[in-house]
Each structure stands twice: as structure tokens, then as C-alpha cells.
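Some notes on the structure that comes next.
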Amino acid sequence: MSDVQAKSESHANPAVQPLQRLMRWFGLLCVIAFFPFVMPVSWMNWCHQQLGLGSFPTDKPIAIYLARSTSALCGLYGTFALVLATDVVKYQRLILFHIFGLFTIGSIGTLLAYQCGMPTFWILTDWFGIMLICPWKYVYYRRMMGWEGMANNLE
């Protein structure tokens, strides 16, 4: 099947656009994390205090490094989601990996956030992002795959 034919058939699949929109929305939300990756440490401290977490340990290089690294990784997987959204049929296996990888790591991370005493709003934000958005992506993914399977059976 040619790329042009595959692209025209993917547009006929009603599950493609909702999955693309959700992947783009998720990606754009995560790309925002590139901002804290490069923000001044004094701003990190201000944000930390505004979140009710007390003073940020600005005298601890490991804390600054980990905050920046976490933000960079979040921005990177947001960019990854935006790339995957460009062609959800072509990247379907990577999208499945993306969904299950984030669900697994996010679930464990949410439990660890609870265990270490993170604020409730933080835990609920993680829970929402993982326990609702990942299954939602998976539902759209399964619909897309079901449609693709039906289209292949008709050939």
C-alpha cells in the first residue's frame, strides 16, 4: 500500500482524529515543562513557596539538577507525543508503548508521591494525568486499531 493510499485510509478512520487531538493536547501540556528546565533558581524557589512546599533547597546542587532534569524529561516526552500525533497509524506501536510506559511509571510515581508526603493537589494531578488520560488514549487507540482491522478485512 502506498503512503498516499495509507494516509487517505487513515483519514477515513473516525478514531484517528480524537487520538491525534488527545496526543497533541497531552504533548502541548508537557512541553510547557521546558520552561522550568531553564528558569532561574530564584523562580524555582518562588514557585516552590507558592505551592506551599516551603523554601526550595537552592544551596543543594542535586535538588536543582533533579528539578531541571525532571522538567526536561517531561518536555521531551511531550515533544515525543507531538511527533507521534503527526501520524497515529504509522506510529501505532510506539503510541502503545507510550501509553503503557507512562501508565506504569506514572502509577508508581503517584504512589511514591503519596508515600513521601507530597501535597494532595500534586498527587491528584498525577492521578488525573495517569489514571484518566492514559486509559482514554488507550480507548482511542483500540478504536483506531479495530477500524484498521475492519478495513483490512474488507480488502
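If you read the sequence shown in numbering that gives the first Met the number 0, its first letter stands for residue 0, the second for the next number, and so on.
Every residue gets a Cβ at the ideal spot worked out from N, C-alpha and C, and that includes glycine.
In the DSSP annotation of this structure, the continuous segment of the alpha helix (DSSP H) that includes P35 starts and ends at F33 to V37. Here the C-alpha atom of A80 lies approximately 15 Å from the C-alpha atom of P134. In the structure shown, D125 adopts helical secondary structure according to DSSP, grouped into three states. Here K136 is buried: its Cβ has 16 or more other Cβ atoms, across all protein chains shown, within 10 Å. Boundaries of the alpha helix (DSSP H) harbouring N44: V40 to Q49, taken from the DSSP string.
At the C-beta level, Q19 and A84 come within 8 Å of one another.
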